Each structure stands twice: as structure tokens, then as C-alpha cells.
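Undergrad: Residue numbers (this note's numbering): 765 to 1010. We put the CB at the ideal spot given by N, CA and C, even for glycine. Computed from a predicted model, the values in this text were never measured in an experiment.
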Amino acid sequence: MEESSCVERLRELLNRGVWAEGEILPSEFELAQQLDVSRSEIVEALMALEEEKYLVHHHGIGWVVGARPVFSIRMEELSSVSEMITRSGRSAGTVFLDASVEKPDPWLREQLKLGPEELVFRLEQVRTVDGKPVVYCLDKFPASILQDFHPCESDFLFQLFEKAGRGVVRAHTRVEAIGYHERISSLLCSPPESSLLILRQLHFDGQDRPVLFSSHYFRSDQFSFQVERFRPAGPVATDLELIGEK
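1. Below 8 Å, how does it come out for the stretch 956-967 and the stretch 850-868: are there three or more Cβ pairs, yes or no?
2. If you count every other CB in all the chains shown that lies within 10 Å of the CB of Gln784, and 16 or more means buried, which is it?
3. From this set, Lys867, Arg973, Phe860, Ser908, which residue's C-alpha is nearest Cys916's C-alpha?
4. In angstroms with no decimal places, state the Cα-to-Cα distance between Gly929 and Arg995.
5. Going by the CB atoms, is the gap between Val932 and Val991 shorter than 9 Å?
6. For the stretch 976-987 and the stretch 934-953, state whether three or more C-beta atom pairs, one from each stretch, are separated by less than 8 Å.
7. Please state if the CB of Phe977 and the CB of Leu876 are separated by a distance shorter than 9 Å.
8. Just to confirm before moving on: does the CB-CB distance between Arg964 and Glu940 stay below 9 Å?
9. Straight-line CA distance for Ser846 to His822?
10. Would you check if the distance between the CB atom of Gln863 and the CB atom of Phe835 is smaller than 9 Å?
11. Taking CB distances under 9 Å as the criterion, tell me whether Gln798 reaches chain B.
12. Distance, Cα to Cα, Val828 vs Gly786?
13. Within this structure, are the beta carbons of Cys901 and Leu887 separated by less than 9 Å?
14. Just to confirm the assignment: which complete beta strand (DSSP E) runs, minimum length 3, are found wholly within the stretch 795-850?
15. Taking its Cβ as the centre, do 16 or more other Cβ atoms sit within 10 Å of Ser918, making it buried, or is it exposed?
16. From which residue to which residue does the beta strand (DSSP E) around Glu940 run?
Printed below as a string of C-alpha cells:
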């Protein structure tokens, strides 16, 4: 049996629920016997499925069936977290952590193209799905855009920007993955073995003016992100400008 077939067979067994979430798989030797393949093929297949988040390897314990992401998001779509959740038929909620008006650091001032005296609104919160915390959100935008903004309106940021004549139409996005974060993982009740996916985004309005910088931390056992990629027809660009907080 070829390696690809071994991966496909194990994936099929996992999708069929032969082993439940959190269950320890049989030993690599036992799996090799069951599938009539070599142990090295099994190890390679298990590692491939770990990359796909089907499995988690615990030293001293073995291979454990991981939690499959509940939400699969297309990266081409620019939606708020609440919109992502409600479109799936689930109930979106918010836990407010902090809201304040502050002086931006030089890097953020440059990103948002702010004057020397302009301030930003800083909004920190946790998004929930059916009452379960899944996303930590830190949003910063020019205080002058929404002068009468109240934190209870945070679920409607995009709509409020639209009403203010600064509707969001695109975003520069940087995706990162980190392991356990002492504060944020705790806020999200994320297990130590589960990583976090960070989307850092600089949003622009229809006149190409920056209106919002956000850092959203998603539980990787609840969200996965997909993007369709194409080979370029012409020369490949070499200027890869990535955004990120300094």
C-alpha cells in the first residue's frame, strides 16, 4: 500500500468515527498490522494527519484523535467574526474585556495614517459560539471615525463604518500560528496542546484609506481557513510586504 493510500485509509477511518475525539489510537505497530503496511508508512501517515489537525501526538501517551474545526472559512471573504459564526447557524456572543481611547504607538499611527494628535479607540473582547469562547479580538480604529461609539455596538463595526461613510472594502491580512499563550489561551479555554491562529488585518475603505487594525486569535480546534491559489501568468512579484505589530 502506497503512503498516500495509507493516509487516505486512516483519514477515512477517522471521518467514520472509528475512534472518537480524545481517544488514543492503537500503537503504531498495531495500526501497521491492521492496515498491512510497514511501521514507517504508518508513522508518515500519522504525521501527515497531524498536520491536518486530525491527530495530536502526546509524548509518553501516543496519538490522540483531535477536535475537528467547526468553522471552515474562505480567506477571500472579508467578514466580521459575528458574520462568520451566524452564517453557520450558530449563536454569536461577546464578552467585553476592555474599551478605551488611547494614544497610538508610532507604528500604528503610521499604519492608520493618523495626525500627531489623533487618538484611537481600543476594543478588547472575546467572541463566543453558543456561549463557548472561540476568538479573542483586539481592534483599534481612529476615534474620529466613530465619535459616539459605544462598546455594546461592537458586533456591528463594519455597519457603523458604512454609516460613517468609511465602509470597509478590503484588508491586508497576515496569518500566524502560535502555540499556547498564557493569557489568551486561558481566556478562550483552549487546551495546552491546541494552537492559536492569528489574523492581523489592516482594513481599508472605498477610497483606500485605512480605517481599522485588528488582531484576532482563533482557536485552531474550532476554525480552519482556506484560500484558493493560482500560478501567476507573468513574472512573480518579489515585494512581499507583510503587516504586523511592531
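TA: So, from the data block:
1. The stretch 956-967, when compared against the stretch 850-868, does not touch it at the 8 Å Cβ threshold.
2. With the sequence shown as reference, residue 784 is identified as Ala, and Gln is not the correct amino acid for it. In summary, Ala784 is exposed, with fewer than 16 beta-carbon neighbours lying within 10 Å of its beta-carbon over all protein chains present.
3. The shortest CA-to-CA distance from Cys916 to any of Lys867, Arg973, Phe860, Ser908 is the one to Phe860.
4. Approximately 36 Å, taken between the alpha carbons.
5. The Cβ atoms of Val991 and Val932 lie no closer than 9 Å to each other.
6. Using a C-beta cut-off of 8 Å, the stretch 976-987 makes contact with the stretch 934-953, since at least three inter-stretch Cβ pairs fall below that distance.
7. Yes, the Cβ-Cβ distance between Leu876 and Phe977 is below 9 Å.
8. Yes, the Cβ-Cβ distance between Arg964 and Glu940 is below 9 Å.
9. Ser846 and His822 have their C-alpha atoms roughly 34 Å apart.
10. A small fix is needed here, since residue 863 is Ala in this sequence, not Gln. Between Ala863 and Phe835, the C-beta spacing is not below 9 Å.
11. Note that chain B does not occur in the displayed structure, where there is just one protein chain.
12. So the two alpha carbons sit approximately 6 Å from each other.
13. Yes, Cβ-Cβ distance for Cys901 and Leu887 is below 9 Å.
14. Those beta strand (DSSP E) runs which fall completely within the stretch 795-850 and span 3+ residues are 819-822, 826-829, 835-838.
15. Its Cβ being crowded by 16 or more others within 10 Å, Ser918 is buried.
16. Here the beta strand (DSSP E) through Glu940 covers 932-942.
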